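>
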Amino acid sequence: MALDGIVTGAIVRDLQRAVGARIHKIHQPAEHDLVLGIRGAGMNGRLLLSANPTYPRVHWTTGSYVNPLEPPMFCMLLRKHCEGGVIESIRQIERERIIHIEVKHRDELGDQTNKVIIVEIMGRHSNVILSDPATGLIHDGIHHVTPAISSHRIVLPGSAYTPPPEQDKIDPLSVGSEEAFVKLIASRISAEEAPVLASRAIVHTFSGISPLLAKELAYRSSGGGIEQPYLQPEGLTAEAGYEGAMIGTDSLWSSFRQVMKEAEQGSYEPVIVTDAASGKASFSITPLTHIQGARANYDTISECLEAFYGDKAERDAVKQRAADLIRFVGNEKVKNVSKIKKLQETLHEARDAEKYRIMGELLTAYMHQMKRGDESVTLLNFYEEDQPELTIRLDARLTPSENAQSYFRRYTKHRNSLSIVAEQMELAEDEIRYFDTLLQQLDSASLADIEEIRDELVEQGYMRERSRKGPRKKKPQKPSVLVYTSSEGIPIYVGKNNKQNEYVTNRLGASSDTWLHTKDIPGSHVLIKSAQYGDATLEEAAMLAAHYSQARASSMVPVDYTLIRHVRKPSGAKPGFVIYDNQKTLFITPDEQRLKALLSEVK
1 MALDGIVTGA
11 IVRDLQRAVG
21 ARIHKIHQPA
31 EHDLVLGIRG
41 AGMNGRLLLS
51 ANPTYPRVHW
61 TTGSYVNPLE
71 PPMFCMLLRK
81 HCEGGVIESI
91 RQIERERIIH
101 IEVKHRDELG
111 DQTNKVIIVE
121 IMGRHSNVIL
131 SDPATGLIHD
141 GIHHVTPAIS
151 SHRIVLPGSA
161 YTPPPEQDKI
171 DPLSVGSEEA
181 FVKLIASRIS
191 AEEAPVLASR
201 AIVHTFSGIS
211 PLLAKELAYR
221 SSGGGIEQPY
231 LQPEGLTAEA
241 GYEGAMIGTD
251 SLWSSFRQVM
261 KEAEQGSYEP
271 VIVTDAASGK
281 ASFSITPLTH
291 IQGARANYDT
301 ISECLEAFYG
311 DKAERDAVKQ
321 RAADLIRFVG
331 NEKVKNVSKI
341 KKLQETLHEA
351 RDAEKYRIMG
361 ELLTAYMHQM
371 KRGDESVTLL
381 NFYEEDQPEL
391 TIRLDARLTP
401 SENAQSYFRR
411 YTKHRNSLSI
421 VAEQMELAED
431 EIRYFDTLLQ
441 QLDSASLADI
451 EEIRDELVEQ
461 GYMRERSRKG
471 PRKKKPQKPS
481 VLVYTSSEGI
491 PIYVGKNNKQ
501 NEYVTNRLGA
511 SSDTWLHTKD
521 IPGSHVLIKS
531 AQYGDATLEE
541 AAMLAAHYSQ
551 ARASSMVPVD
561 YTLIRHVRKP
571 SGAKPGFVIY
581 DNQKTLFITP
591 DEQRLKALLS
601 EVK
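As numbered in the UniProt record's numbering, residues 1 to 603 make up the sequence shown, in order.
The following block contains the structure:
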């Protein structure tokens with residue numbers, strides 16, 4: 001990936017549609033992310049501002065976000081100063097990854113005020129800051145930067161806003177001639193004593209150009225035959241190791257000027273390329289011809305960024321938040337697997353119970369041949385046809401009668417344990433299925449889903465509730481559920497954890513609605529909320545059932561479907577467990593592109 005200054009310029013151009021519109025709603029669904037609802041001036045959309053340390057970005061979004069019950073402090077501050085305000089301008093600072101969104105707003109007294117939302121896309125130092133342009137002071141930032149963190153700039157309420165340190169580089173769009181370009185490049189490589197990578201020279205000379213884009217420019221300048229061409233410093237002859245890999249500044253200027261002209265005119269061609277060799281995906285605003293692999297083109301940079309990042313940021317946050325749950329559930333599953341192994345050993349011993357009865361009978365029949373103090377006795381086993389001899393161990397401390405009764409007791413104990421062991425094994429197998437289901441749900445969970453799974457484990461007695469400071473938050477009466485709209489316009493509900501599954505199946509489903517679930521595979525309950533639908537809706541619902549299951553990466557996944565009236569929960573069963581009949585089975589391979597095309601929201 002390479003969200004550099006050139007891509008930032010494309011983003012700012014794409015965001016110009018918001019100028020003149022109002023900020024209708026502001027939400028902060030995650031610690032690092034803000035979503036601004038924009039309306040007016042012919043515009044109706046949502047703008048994502050993310051200061052995620054790993055995936056910082058800004059773009060229009062169509063994704064579904066679950067907001068916390070109580071908005072964070074920074075979100076409330078933005079609402080106070082910007083909600084209802086008009087976006088006056090959106091601009092990029094220099095050629096850097098810094099975007100200023102200027103907002104005109106009226107305060108509680110009706111006085112007009114101006115505010116600036118500053119988005120700094122700086123990797124792990126990324127931030128979203130609200131400042132007052134009149135005073136230059138910071139109202140607050142989504143991330144605080146204290147003097148202990150940075151001595152150069154502080155991001156705290158009331159401190160003066162200081163932009164990130166300037167780089168001693170040239171704006172590439174300001175270079176208007178080949179002569180100026182050659183002079184700038186030459187000044188950068190003149191101190192070198194060996195040939196310099198053309199891509200390295202570009203990165204060190206011009207601002208806003210990432211190594212990925214620089215490598216593409218150098219590749220094009222070589223005619224596509226050399227992946228990493230070099231520039232030859234003046235006065236040095238080509239060395240053997242570099243022979244055939246040299247290019248001139250004139251060809252480099254040609255490819256450089258072409259891309260910069262496209263950036264000036266907004267003639268972008270957003271693309272994602274997945275390297276065939278490494279599997280690594282990269283994006284840019286111009287074709288990446290130096291990478292061999294699958295390509296996907298997009299109409300706008302926002303569509304490109306949303307496709308590239310997808311749910312990467314949320315998946316990372318979920319993995320962090322769910323790490324302890326995954327570990328806990330995995331350990332509980334392992335405990336039950338070990339329990340079954342021990343029960344199988346006990347079961348094997350219990351199946352030998354009949355031999356203890358036979359020993360007791362033989363001791364009773366031949367009691368006159370034994371006396372107290374004997375440690376063993378060898379008797380004819382008349383229970384076998386050929387009556388072989390059987391040696392029976394005795395307890396020398398017991399009488400013959402007591403030894404016989406001891407074997408009868410062992411027989412009774414093992415016989416009775418058969419039913420108990422079988423029952424315990426069935427319970428352990430149920431536990432393993434339950435934990436397998438939880439692991440699958442955690443694999444596709446959102447942040448909100450994780451908390452519901454944690455609450456379920458507390459309610460089921462597997463975990464203790466975490467101690468919380470302050471007043472206890474009131475939990476919602478019903479869970480939020482993911483709803484897709486099929487290509488035929490029919491709602492399809494998907495439960496992503498057991499609470500949601502039970503709500504979808506037991507509360508939302510009418511008797512004539514269709515219920516789907518992967519056959520014998522942990523997965524989500526899926527509901528087609530209609531008695532009438534076509535084959536397209538059934539296929540899409542089955543794809544969703546397969547996608548939100550343990551078999552999401554498989555093909556020809558078996559999915560059962562039946563009417564809700566045929567689905568029921570056994571008394572005392574685990575959360576989310578149901579039995580059903582009158583089902584039919586559909587074999588489906590999930591089509592990710594088709595699923596992405598379906599409208600979805602969280603209700």
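Note that the Cβ used here is the ideal one computed from N, Cα and C, for glycine as well. Model, not experiment: these values are computed from the prediction.
Give me the Cβ distance between Leu36 and Arg46, rounded to the nearest whole Å; I'm assuming they're in contact under 8 Å.
At roughly 7 Å, the Cβ-Cβ gap stays under 8 Å, so Leu36 and Arg46 are in contact.
> Three-state secondary structure (DSSP) at Gln550?
Three-state DSSP puts Gln550 in coil, outside helix and strand.
> For the region 280-298 against the region 316-324, do three or more pairs of beta-carbon atoms, one drawn from each stretch, fall closer than 8 Å, so that the two count as touching?
The region 280-298 is not in contact with the region 316-324.
> Give a yes or no on whether the C-beta atoms belonging to Arg357 and Tyr407 are separated by under 9 Å.
For Arg357 and Tyr407, yes; Cβs fall inside 9 Å.
> Using CA coordinates, which residue listed in Leu305, Ile170, Asp386, Ala51 is at the minimum distance from Val7?
With distances taken between Cα atoms, Val7 lies closest to Leu305.
> Please state whether DSSP places Leu197 in a helix, a strand or coil.
Strand.
> Decide if the region 450-467 is in contact with the region 523-533; the criterion is three or more beta carbon pairs, one per stretch, under 8 Å apart.
Result no; under three Cβ-Cβ pairs closer than 8 Å.
> So, at 8 Å on beta carbons, what are the nonlocal neighbours of Asp14 in its own chain, with the 5 sequence-adjacent residues on each side left out?
His59, Trp60, Thr300, Ile301, Ser302.
> Please classify Met556 as buried or exposed, where buried requires at least 16 other C-beta atoms within 10 Å of its C-beta.
It is exposed - the Cβ of Met556 has fewer than 16 other Cβ atoms within 10 Å.
> Quick one, which of Glu601, Pro590, Thr514 has its alpha-carbon nearest Ile564's?
Looking at the Cα atoms, Thr514 is the closest of the given residues.
> For the alpha helix (DSSP H) containing Phe74, list its first residue and its last residue.
Segment 73-82, the alpha helix (DSSP H) holding Phe74.
> What would DSSP say about Glu166, mapped onto helix, strand or coil?
Glu166: coil per DSSP, three-state reduction.
> With three or more C-beta pairs closer than 8 Å as the rule, is the region 199-210 touching the region 159-172?
Yes, the region 159-172 touches the region 199-210.
> Closest to Pro164 by CA distance: which of Val578, Ser126, Glu332 is it?
Here the closest residue by C-alpha is Ser126.
> In chain order, which continuous runs of the beta strand (DSSP E) of length 3 or greater are located wholly inside the region 20-91?
The qualifying runs are 22-30, 33-40, 43-50, 57-61.
> Rounded to whole angstroms, what's the CA-CA distance from Ser417 to Phe328? Just pull it up for me.
Whole-angstrom Cα-Cα distance: 31 Å.
> Count the other C-beta atoms from every protein chain shown that fall within 10 angstroms of the C-beta of Leu69, then say buried if there are 16 or more, exposed otherwise.
That one is exposed.
> Bridge partners of Thr364, per DSSP?
Paired residue(s): none; Thr364 is not in a bridge.
> Using DSSP with H/G/I as helix, E/B as strand and the rest coil, what is Phe587?
DSSP places Phe587 in strand when its eight states are reduced to three.
> Please check the pair Asp430 and Lys574, which I expect to be a contact at CB under 8 Å, by giving their CB distance rounded to whole angstroms.
Correct: roughly 7 Å between the Cβ atoms.
> Are Tyr548 and Val494 closer than 9 Å when you measure CB to CB?
Yes, they are a contact pair.
> If you count every other CB in all the chains shown that lies within 10 Å of the CB of Val458, and 16 or more means buried, which is it?
Exposed: under 16 other Cβ atoms inside 10 Å.
> Run the CB neighbour count on Asn52, radius 10 Å, all protein chains shown included, and call it buried at 16 or more, exposed below.
By the neighbour-count rule (16 or more Cβ atoms within 10 Å), Asn52 is buried.
> The beta strand (DSSP E) spanning Gln292 covers which residue range?
Unbroken run through Gln292: none, as it is neither H nor E.
> Measuring CB to CB, does Ala542 end up less than 9 Å from Leu516?
Against a cut-off of 9 Å, the Cβ pair of Leu516 and Ala542 comes out as a contact.
> Pick out whichever of Asp581, Leu156, Lys371 has its Cα sitting closest to the Cα of Arg568.
Measuring from the Cα of Arg568, the nearest candidate turns out to be Asp581.
> Going by CA-CA distance only, name the one from Ser174, Val175, Gly136 that's closest to Leu156.
It is Gly136.
> The beta strand (DSSP E) spanning Ile99 covers which residue range?
Taken as a continuous stretch (DSSP letters only), the beta strand (DSSP E) holding Ile99 covers 98-106.
> Does the beta-carbon distance from Phe283 to Ile272 come in below 9 Å?
Yes, they are a contact pair.
> For Ser600, I'd like the list of residues in its chain whose CB is within less than 8 Å of its CB, leaving aside the five on either flank, ordered along the chain.
So the qualifying residues of the chain are Ser64, Leu482, Val483, Tyr484, Thr485.
> Just checking my contact of Gln460 with Pro522 at CB under 8 Å: how many whole Å lie between their CB atoms?
That pair is no contact at about 17 Å.
> How many Å lie between Thr113 and Arg315 at the Cα?
Going from the Cα of Thr113 to the Cα of Arg315 covers about 38 Å.
> Does the distance from the C-beta atom of Ser487 to that of Ala536 stay below 9 Å?
Yes, they are a contact pair.
> Can you tell me which of Lys596, Val119, Leu173 puts its alpha carbon nearest to the alpha carbon of Trp253?
It is Leu173 whose Cα lies nearest to the Cα of Trp253.
> Whole angstroms is fine: what's the gap from Gly330's alpha carbon to Ser446's?
Whole-angstrom Cα-Cα distance: 19 Å.
> Label Ser199 either buried or exposed according to how many other C-beta atoms from any shown protein chain fall within 10 Å of its C-beta, with 16 as the threshold for buried.
Counting Cβ neighbours within 10 Å, Ser199 comes out buried, since at least 16 surround it.
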